[in-house]
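The structure appears below as structure tokens.
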Amino acid sequence: MKKFFSLIALVGVFAACEPENLQTAFNVADATATVNEKIVCFAPDFDESEVTVTYGWSVGTGLSTKSITGNPAIEAGTVTVKAEYRGATAETVVSFPKIYAGMHADLNATIFLPYNAGGYELEVVYDYENAEDDIEIYGLQASEHGHGYAATQKISIWDEEYEVYMMQNATEFLLEDSYTYDEYFGYDVDEFEVLNPDFAEGSFLQYMYEVMKGEGGIDWEEKSYEFTVSAWSLYNVINPVDYCEIPCYVVATPVEGSGNPEFDSPVASFVITVPYTYCEVFEMAHPDHASHYHAGHGHYTHDGHALHGDNNNAGGGIIEAE
Numbered sequence: 132m133k134k135f136f137s138l139i140a141l142v143g144v145f146a147a148c149e150p151e152n153l154q155t156a157f158n159v160a161d162a163t164a165t166v167n168e169k170i171v172c173f174a175p176d177f178d179e180s181e182v183t184v185t186y187g188w189s190v191g192t193g194l195s196t197k198s199i200t201g202n203p204a205i206e207a208g209t210v211t212v213k214a215e216y217r218g219a220t221a222e223t224v225v226s227f228p229k230i231y232a233g234m235h236a237d238l239n240a241t242i243f244l245p246y247n248a249g250g251y252e253l254e255v256v257y258d259y260e261n262a263e264d265d266i267e268i269y270g271l272q273a274s275e276h277g278h279g280y281a282a283t284q285k286i287s288i289w290d291e292e293y294e295v296y297m298m299q300n301a302t303e304f305l306l307e308d309s310y311t312y313d314e315y316f317g318y319d320v321d322e323f324e325v326l327n328p329d330f331a332e333g334s335f336l337q338y339m340y341e342v343m344k345g346e347g348g349i350d351w352e353e354k355s356y357e358f359t360v361s362a363w364s365l366y367n368v369i370n371p372v373d374y375c376e377i378p379c380y381v382v383a384t385p386v387e388g389s390g391n392p393e394f395d396s397p398v399a400s401f402v403i404t405v406p407y408t409y410c411e412v413f414e415m416a417h418p419d420h421a422s423h424y425h426a427g428h429g430h431y432t433h434d435g436h437a438l439h440g441d442n443n444n445a446g447g448g449i450i451e452a453e
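Under our numbering, read the sequence shown as residues 132 to 453, first letter to last.
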């Protein structure tokens with residue numbers, strides 16, 4: 132897939148308490164991935180309660196489950212989502228990059244069930260090879276109180292290197308915080324074009340498009356991501372949102388006994404945009420205190436708790452290296 136990254140701007144937090152001479156460590160959570168499916172059917176009497184959905188993961192357990200958990204990461208792979216409704220079946224394949232320990236991925240699958248009209252079975256075919264990813268990367272917003280680290284740091288996100296404004300935990304304590312972000316779901320459809328003159332505008336192809344548009348739309352829900360960072364560290368939350376644009380084609384197959392002609396090429400095309408949301412915390416040794424940094428380690432305060440960060444938002448992003 133071709134990838135395009137658009138970037139926005141970020142960062143800062145800090146707090147202080149009295150130390151206790153107790154070295155502690157925390158475990159990074161296992162990676163998780165969840166699929167949200169959207170079933171689109173063109174039948175007027177469609178009853179979503181009758182749909183059966185199955186999942187096939189290429190990684191992990193391979194079980195037909197909506198969510199999987201890494202050990203601790205989830206390797207790059209795919210999940211095939213299949214829907215069945217009154218004998219009609221359709222499926223789509225969602226590709227995802229490696230999901231690292233502590234990262235959560237919300238994946239979306241849009242499935243168009245076949246539709247019989249005018250003596251043809253109309254089926255949507257996905258052109259995954261020519262899909263393009265438009266990725267926006269967000270993170271904790273810059274503090275106005277001067278607690279962000281003065282210099283940007285280079286980090287790697289899915290094999291792309293970026294310079295990122297970091298926040299600092301320049302203390303001997305563990306630090307706990309949360310990040311509020313938007314989980315996106317749904318789909319958008321655009322660029323609909325009738326390719327075969329035998330299917331003029333105003334036909335059932337146009338009806339299909341109107342149903343797609345009516346059922347479509349990208350929405351979001353606010354989520355909270357809880358995290359812990361080590362003592363003597365720089366950190367930020369990395370929150371990529373991937374708007375995957377997939378070319379699609381409508382294939383018309385004559386219904387047996389209809390006497391309709393066959394076609395060697397698709398009768399219509401369109402582009403579907405499906406969002407995927409990822410969220411993880413990224414940390415590294417604080418350059419000014421590198422000798423004291425040990426990943427996953429830090430002290431608790433005198434009352435037995437980690438420091439609590441003062442971030443009250445989400446929003447900013449990452450700046451691209453040159």
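Glycine is no exception: its CB is placed at the ideal position from the N, C-alpha and C atoms.
Do you know offhand how far A219's Cα is from Q154's? Going by C-alpha positions, A219 is about 59 Å away from Q154.
Cut-off 7 Å between Cβ atoms - residues of its own chain near N247, not counting five sequence neighbours on either side: For N247, where only same-chain residues beyond five positions count, the Cβ hits under 7 Å are V386.
Do the region 333 to 350 and the region 277 to 291 touch if we need at least three Cβ pairs shorter than 8 Å? No, the region 333 to 350 is not in contact with the region 277 to 291.
What first and last residue would you give for the beta strand (DSSP E) that runs through Q299? Counting along the chain, the beta strand (DSSP E) containing Q299 begins and ends at 298 to 300.
For a test of the three-state rule: what should DSSP assign to V386, helix, strand or coil? Of the three classes helix, strand and coil, the one that applies to V386 here is coil, per DSSP.
Which residue's Cα is closest to the Cα of I199: I230, H425, Y312, D308? I230 is the residue among I230, H425, Y312, D308 whose C-alpha sits nearest the C-alpha of I199.
Indicate whether C379 and F401 have their beta-carbon atoms separated by less than 8 Å. Contact annotation: C379 and F401 have beta-carbon atoms nearer than 8 Å.
Suppose contacts are defined by Cβ-Cβ distances below 8 Å. Is E303 in contact with H430 by that definition? Contact flag set, yes.
So T408 and V372 are supposed to be a Cβ contact under 8 Å. How far apart are they, rounded? Going by Cβ atoms, the distance from T408 to V372 rounds to 5 Å, so yes, they are a contact pair.
Can you find the residues in the same chain that come closer than 6 Å, C-beta to C-beta, to D434, ignoring five residues on each side of it along the sequence? The answer is none, since no qualifying residue turns up.
Quick one: Cα of A156 to Cα of Y374, how far? Going from the Cα of A156 to the Cα of Y374 covers about 37 Å.
F157 (DSSP reduced to helix, strand or coil): Three-state DSSP puts F157 in coil, outside helix and strand.
Report all residues from its chain with a CB closer than 7 Å to the CB of S364; omit the five preceding and five following residues, and keep chain order. Result list for S364: N300, E414, M415, A416, H417, Y424, in chain order.
Nearest CA to the CA of E179: which residue from A164, F243, T384, S422? Relative to the Cα of E179, the nearest Cα in the group A164, F243, T384, S422 belongs to F243.
K197 versus S422 - alpha carbon distance: Roughly 43 Å separates the two Cα atoms.
Helix, strand or coil for G429 per DSSP? G429 falls in the strand class under three-state DSSP.
Should S195 be labelled buried (16 or more other beta-carbon atoms within 10 Å of its own) or exposed? Sixteen is the threshold: since fewer than 16 other Cβ atoms of the shown chains lie within 10 Å of the Cβ of S195, the residue is exposed.
Would you check if the region 250 to 257 and the region 226 to 240 touch, i.e. whether three or more CB-CB distances between them fall below 8 Å? No, because fewer than three Cβ pairs between the region 226 to 240 and the region 250 to 257 fall closer than 8 Å, the two stretches do not touch.
Start and end residues, alpha helix (DSSP H) containing E260: Premise fails: E260 is in no alpha helix (DSSP H) and is neither H nor E.
I need the boundaries of the beta strand (DSSP E) containing G317, first residue and last residue. Following the DSSP letters along the chain, one finds G317 inside the beta strand (DSSP E) bounded by residues 306 to 325.
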